[in-house]
Amino acid sequence: SGFEDWREWLPCDRAVATTAASAAAVRPFTQATARPAGWQWRIPQQHRSGDGHVYCSEFMSDDEATAILLAGLEGPALSEPRIIRISTGVRRRLWVRNCVAIGLAAGFIEPLESTAIHLAQSGINRLLALFPDAGFDPAIAEEYNRKMREEYEQVRDFVVLHYRATERRDTPFWRHCAALPAPPGLARKLAIFQATGQIFREGEELFTEQSWLQVLLGQGILPKRYHPAADDLPQGQLQEFLDTIRNVIATAVERMPRPRALHRRALRHRAALERAFTWSARRSRRSASRCTRGGSAVRVRSFPVRADPRQVARRVDPGMQVDQRIIAFRPDFLADEYRQPGGVLEQLERLGHDPSAVAEMIDLVL
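Going by the working numbering, the sequence shown opens with residue 23, and the numbers climb by one from there.
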């Protein structure tokens, strides 16, 4: 029902994308690098990287944008660059009568924060929560439209902040961005931050206070004032508190595995899951079986051969306490239970799971 264009705040209207050979060392993060008329992304994957350049066609041609993308690759391009036209904005009403726009049909915000999948899933979840009966009260659609519009606007404001916060003024595009007005919601947040040093989020807003602070402080935007209660804490006590936080962070970083080792562990974990589920499926074709934990009977489903662990949660009953979901998603439970007599490991073996695969998988999780 009509489209509200947001180019007045987010002027980029093109993207060119390709894939490239992976660099020797795979980085455990996505890179976003400012370019003369936009920005370039690099998303490392297992055997290649996904690369793209988002830009404003008013300030750069497609050929120029493609040349900048290819020059910024870390390895040879593996596919022909593809030009994508984008329109940033949202429908004025996402639910009209018996039609609901979800995902790209509802709206689009440039991928600086990779929010497209979240917004699509949020639209589905909200539709399920507000799903109507035969009466089809119009208030339901109105509430859906209000909440989804609110969420799109909140995401938009956070993305706009990246353009507003930067001090880059070396090209016509960045000077144009500096002169753009802030959306009303973003203007309110910035005013409160300047006055109090605090970020006030609305309800179920996606981005946390930490996300906002990282962009604001990282770009050199500091509050003019702070909350007076901060002066109630003695300077020595405040410094001790900050030192404790710094030490906790340093200790956590020191104990973290290297990214490549963590990646290998995740792949082994998945392989062990698949072996455990495959063994179970071959041993049992029954639609349901029963096991006992703590004196209560619990139903457990069997799965087809080569069951994908990602599908497990969709194939089991929500009320089960001891089942394949615990293997994949409850390592904390396994840590307490799996070695105990009559515990999870013993029960899973009785149900036909490969004991060695289960034990290996549990050790990987823990």
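Every residue gets a Cβ at the ideal spot worked out from N, C-alpha and C, and that includes glycine.
Would you report the Cα separation of Gln143 and Val48, rounded to the nearest angstrom?
-> Taking the straight line joining both Cα atoms gives about 29 Å.
By the 10 Å Cβ neighbour count, where 16 or more other Cβ atoms means buried, how is Pro66 classified, buried or exposed?
-> Residue environment analysis places Pro66 among the buried positions, since at least 16 neighbouring C-beta atoms fall within 10 angstroms of its C-beta.
Alpha carbon to alpha carbon, how far is Ala293 from Gln68?
-> When rounded, the distance between both Cα atoms is 16 Å.
Find the nearest neighbour of Thr124 within the set Gly145, Arg247 and Arg113, judged by alpha-carbon distance.
-> The question names Thr, yet the displayed sequence has Ile at residue 124. With distances taken between Cα atoms, Ile124 lies closest to Gly145.
Pick out the complete beta strand (DSSP E) segments inside the region 273 to 298, 3 residues or longer, and give them in chain order.
-> Those beta strand (DSSP E) runs which fall completely within the region 273 to 298 and span 3+ residues do not exist here.
Continuous alpha helix (DSSP H) stretch holding Trp63: start and end = Here Trp63 belongs to no alpha helix (DSSP H); instead the beta strand (DSSP E) covers Gly60 to Pro66.
Along the beta strand (DSSP E) that carries Asp85, what are the first and last residues, could you check?
-> Unbroken run through Asp85 is the alpha helix (DSSP H), Asp84 to Ala93; no beta strand (DSSP E).
What is the rounded straight-line gap between the Cα of Pro245 and the Cα of Tyr185?
-> Straight-line Cα distance between these residues: approximately 18 Å.
Taking Cβ positions, are Val237 and Phe180 nearer each other than 9 Å?
-> Taking 9 Å as the Cβ cut-off, Val237 and Phe180 qualify as a contacting pair.
Could you say which of Ala251, Ser44 and Phe130 lies nearest to Ser109 if we only look at CA atoms?
-> Check the Cα spacing between Ser109 and each of Ala251, Ser44 and Phe130: the tightest is with Phe130.
Using DSSP bridges, identify the partner residues of Ser392.
-> Nothing about residue 392 can be reported from this structure: the residues present for the chain run from 23 to 388 only.
Identity of the residues DSSP links to Trp117 by a beta bridge | Per DSSP, Val122.
Provide the residue span of the beta strand (DSSP E) that contains Ile105, from first to last.
-> Looking at the DSSP string, the run of the beta strand (DSSP E) that includes Ile105 is Arg104 to Arg107.
Would you tell me roughly how many angstroms separate the C-alpha atoms of Glu164 and Glu276, rounded to the nearest one?
-> Those two C-alpha atoms are separated by around 50 Å.
Beta-ladder partner(s) of Phe222, from DSSP = Answer is none; Phe222 lacks a bridge partner.
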